[in-house]
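Asker:
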Amino acid sequence: RSVAQNSRSNASGDRRKHGAPSSYHRINSKIIKAFEKGDLSELLATITTYIPQMNLVNLTTGLHRLAKLAANSPQRRALLRRDHAFRHLLNSISVALDSLQ
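Numbering (our numbering), first residue to last: 62 to 162.
Structure below.
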């Protein structure tokens, strides 16, 4: 199931499929737990692991937490700009937003 399909299901209120809302809540918890460790690589790995099952809230939580970790570090910002997982996250957010129209 794609990110766009997950987002459409959430937007339409269909939360029975794919183990939703509890699976989305569990994914958000994992993103936040990885963020709290302060390790950018671990947060990126967590996002990479769960991105196929993420809804728009999960995707934006991942982006928000990455931004917080990189905000005061030019080195972390540079790493994000080069990172494939970060580009995949941005693309997934774009696809999810497009699917809402």
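All C-beta atoms in this analysis are idealised placements derived from N, C-alpha and C, irrespective of residue type, glycine included.
TYR85 to ALA95, Cα distance in whole Å?
Answerer: Their backbone Cα atoms lie some 15 angstroms apart in a straight line.
Asker: Can you check whether the CB of LEU140 is closer than 8 angstroms to the CB of LEU104?
Answerer: Not in contact: LEU104 and LEU140 (Cβ atoms no closer than 8 angstroms).
Asker: Pick out the complete alpha helix (DSSP H) segments inside the region 79 to 121, 4 residues or longer, and give them in chain order.
Answerer: For the region 79 to 121, whole alpha helix (DSSP H) runs of length 4 or above, ordered along the chain, are 83 to 97, 101 to 111.
Asker: Based on Cα-Cα distance, which residue from SER83, GLY99, VAL156, SER90 lies nearest to ALA131?
Answerer: Ranking the options by Cα distance to ALA131, first place goes to GLY99.
Asker: Let me know if ARG142 comes out buried or exposed under the rule of 16 or more other beta-carbons within 10 Å of its beta-carbon.
Answerer: Per the 10 Å Cβ criterion, exposed.
Asker: Consult DSSP for ALA157 and reduce its assignment to one of helix, strand or coil.
Answerer: If DSSP states are grouped into helix, strand and coil, ALA157 belongs with the helices.
Asker: Identify the continuous alpha helix (DSSP H) that holds GLN136 and give its terminal residues.
Answerer: Counting along the chain, the alpha helix (DSSP H) containing GLN136 begins and ends at 135 to 143.
Asker: From this set, LYS129, GLN114, PRO113, which residue's C-alpha is nearest ILE51's C-alpha?
Answerer: As shown, the chain starts at 62 and ends at 162. That puts residue 51 outside it, with no answer to give.
Asker: Check ALA132 in the structure and name its three-state DSSP category.
Answerer: If DSSP states are grouped into helix, strand and coil, ALA132 belongs with coil.
Asker: Return the chain-ordered list of same chain residues with a C-beta closer than 6 angstroms to the C-beta of ASP75, the five sequence neighbours on each side being excluded.
Answerer: For ASP75, the predicted structure reports a pLDDT of 39, less than 50, and the residue's modelled location is therefore unreliable. The matter cannot be settled from this model.
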